[in-house]
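There are 2 protein chains.
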Amino acid sequence: MRAYPKRLREKIRNREFTRPTTGHCEDFVQANVVILPKKYAFDFFLFAHRNPKSCPIIDVLEPGEVESNLATGSDIRTDVPRYRIYHDGKVDRELSSIESLWKSDLVTFLIGCSFTFEKTLLDAGISLRHIKEGKNVAMYTTSIPTTSAGVFHGPLVVSMRPIKRNLIEKARQITANYPNMHGAPIHIGDPNQIGIEAIEQPDFGDTVKIEDDEEPVFWACGVTPQMAAVKSKVPFMITHSPGHMFVTDITNKEFLENRNSFK
Amino acid sequence: MRAYPKRLREKIRNREFTRPTTGHCEDFVQANVVILPKKYAFDFFLFAHRNPKSCPIIDVLEPGEVESNLATGSDIRTDVPRYRIYHDGKVDRELSSIESLWKSDLVTFLIGCSFTFEKTLLDAGISLRHIKEGKNVAMYTTSIPTTSAGVFHGPLVVSMRPIKRNLIEKARQITANYPNMHGAPIHIGDPNQIGIEAIEQPDFGDTVKIEDDEEPVFWACGVTPQMAAVKSKVPFMITHSPGHMFVTDITNKEFLENRNSFK
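Chain order of the listed sequences is A and B.
For my numbering, count along the first sequence from 1 and bump the result up by 3.
For my numbering, count along the second sequence from 1 and bump the result up by 3.
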């Protein structure tokens, strides 16, 4: 069972897999990645702690450490399909490895991801269009502010999945069981109410169609720290590229059962 | 209702109340206090995150900030009945105010306390001898290691309450409902099994008798960071004196209901 995420991480490391990870290793917890110099690590830890819905921390590595306890033999410098390098709040470039940028004072935060609950939604008969169409999930910057901490502040980012009206309550209940993976939706229906003007133009990821019998359902998203990087103009920060997650060895089931120990 | 903790904090501030807070403002959340220079704040945050049972964080103040969101009008420099000042891992002295030591880089952590669930135990007909006798709860250093983080490492500290055998399961269930206030007991019965040699000589707090129809029941304790301060020889750290807690405006009931938002 564990061979599966390990194999995917190896493919990613060898640059044989460079796509979004949605729909892959579906039974395993996937994580958003934030890497910062230690100087900013306390501020970011506090930002995440104050915004548990968008930034649920599932692991923090010591300065310079590259292997997460959640993924044996992993290396955070090579095991993410695509990285974003931020300088002074701007995306400088995207890379498939950050080995050349690594420093001993860099602190890695792994943050829960909604891809974790997608398998449970699928198993419950709730179809997810972006997976069906082989796309990345659609993500939007909202007008909802986060709670600031130190240098970090900025708007909440959400992921959106169109859900059939008669299945929305079911989807809400299922995802509420994953409080460390963004939990229940933060909004259902009218995108304007949360400051999204053009639902057909996501800020991150790919567009998906919303059918007449569906509503857009919005979940807090682990891309929120990337907007905080932009707004706070933090001098240096590395993240995953939206949708290109770090895949752990922990199954969604184990995560649910041991929720407290992964907090 | 809220007047009560505010009044107690005022009495503490005016040095009219200098005793342990156990049994006072019983309906309100009480907190362990750890104050550190920002330089050590990330390491401590990580230590607490990795040891959620002994160090459940309920609030973190920004560097230099003195008022907690959980207690309107409070001042962390004056509102704890008794402070301990640690230098290089040794208790230097105890003070009733830390105004003269305050600096703008000091970061305050508030950590959940088992006094929060004591009222619920009492309401369920579970008698607590230390409260009955007007004493501080008995606390012990164990042989159970914590998970280290940065400079911080050390043994788990526990609080002990003698409970009648036929009520132990009830006490376990009640306290399991307070995962952010140390949760279920970590051990029941033989103190030797967790490295406590002399149950009649607590390391902190007061001795209480254990009757023949009772077992000692041990909960993880927020004094654990103080042992980490000792073991890590951190240059400077301020804590409450064991049992002399910071009393918040949040009721135990509110805390239970909004568990996630106080995480």
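Every residue gets a Cβ at the ideal spot worked out from N, C-alpha and C, and that includes glycine.
- Of all C-beta pairs linking the segment 133-142 of chain A to the segment 238-255 of chain A, three or more are shorter than 8 angstroms, placing the two stretches in contact.
- Taking the Cα of I114 (chain A) as reference, the smallest distance to any Cα among A:F50, A:S235, A:C28 is reached at A:F50.
- For K41 (chain B), the closest alpha carbon among the candidates B:E68, B:S162, B:L131 is that of B:E68.
- In the DSSP assignment, the residues bridged to P158 (chain B) are B:P148.
- Identification of chain A residues near I60 (chain B) by a Cβ-Cβ cut-off of 9 angstroms yields H52, ordered along the chain.
- Residues of the segment 62-83 of chain B that bring their beta carbon within less than 9 angstroms of a beta carbon in chain A comprise V63, E65, P66, in sequence order.
- I38 (chain A) sits away from T149 (chain A), with the two beta carbons spaced by 9 angstroms or more.
- Residue pairing by DSSP places M240 (chain B) opposite B:Y89 in a beta bridge.
- Between the segment 178-186 of chain A and the segment 116-130 of chain A, the count of C-beta pairs closer than 8 angstroms reaches three or more; the two stretches touch.
- In the same chain as G208 (chain B), and ignoring 5 residues on each side of it, the C-beta atoms closer than 7 angstroms to its own belong to N139, V140, A141, M142, P245, G246, in chain order.
- Identification of residues in the segment 37-50 of chain B having a C-beta nearer than 7 angstroms to some C-beta of chain A yields K41, A44, F45, F48, L49, given in sequence order.
- Contact between the segment 76-94 of chain B and the segment 208-221 of chain B is absent: fewer than three C-beta pairs spanning the two stretches fall below 8 angstroms.
- By the criterion of at least three beta-carbon pairs nearer than 8 angstroms, the segment 190-209 of chain A is in contact with the segment 155-164 of chain A.
- Distance between T25 (chain A) and L131 (chain A), taken at the CA atoms: about 11 angstroms.
- The Cβ neighbour count for G225 (chain A), taken over all protein chains shown within 10 Å, is at least 16; the residue is labelled buried.
- Exclusion of the five residues before and after L124 (chain A) leaves L131, A174, I177 as the residues of its chain whose Cβ lies within less than 7 angstroms of its Cβ.
- Within the segment 98-136 of chain A, the complete beta strand (DSSP E) segments of 3 residues or longer fall at 109-115, listed in chain order.
- Residue contact with chain B for G157 (chain A): absent (no Cβ-Cβ distance below 9 angstroms to any residue of chain B).
- Shown here for V63 (chain A): same chain residues with a beta carbon closer than 6 angstroms to its own, the five before and five after excluded, namely F112 in chain order.
- Contact note: G153 (chain A) reaches chain B through E65, using a C-beta cutoff of 7 angstroms and chain order.
- Straight through space, the alpha carbons of A34 (chain B) and S71 (chain B) are spaced by roughly 11 angstroms.
- The beta carbon of V237 (chain A) sits no closer than 9 angstroms to any beta carbon of chain B.
- Comparing C-alpha distances from D126 (chain B) to each of B:L170, B:S151, B:S100, B:A152 shows the shortest one belongs to B:L170.
- Here DSSP, grouped into helix, strand and coil, assigns F20 (chain B) to coil.
- Proximity of V110 (chain B) to chain A, defined by a Cβ-Cβ separation below 9 angstroms, is satisfied.
- About 18 angstroms separates the CB atoms of A232 (chain B) and K56 (chain B); that is not less than 8 angstroms, and the two are not in contact.
- Taking 9 angstroms as the cut-off, the beta carbon of D46 (chain A) is found no closer than this to the beta carbon of G157 (chain A).
- In this structure, the CA atom of R80 (chain B) is about 21 angstroms from the CA atom of P59 (chain B).
- The Cβ-Cβ distance between P66 (chain B) and D30 (chain B) does not fall below 9 angstroms.
- Residue pairing from DSSP leaves K234 (chain A) without any beta-bridge partner.
- The beta carbon of H190 (chain A) sits closer than 6 angstroms to those of I197, F221, all from its chain and outside the five residues before and after it, given in chain order.
- In the structure shown, the three-state DSSP call for H27 (chain B) is coil.
- C-alpha of M240 (chain B) to C-alpha of Y89 (chain B): approximately 5 angstroms in a straight line.
- With respect to the 9 angstroms criterion, D82 (chain A) and V250 (chain A) are classified as neighbours on the basis of their beta carbons.
- Proximity to F155 (chain A) across A:E214, A:E136, A:Y86, A:T227 peaks at A:T227, based on C-alpha coordinates.
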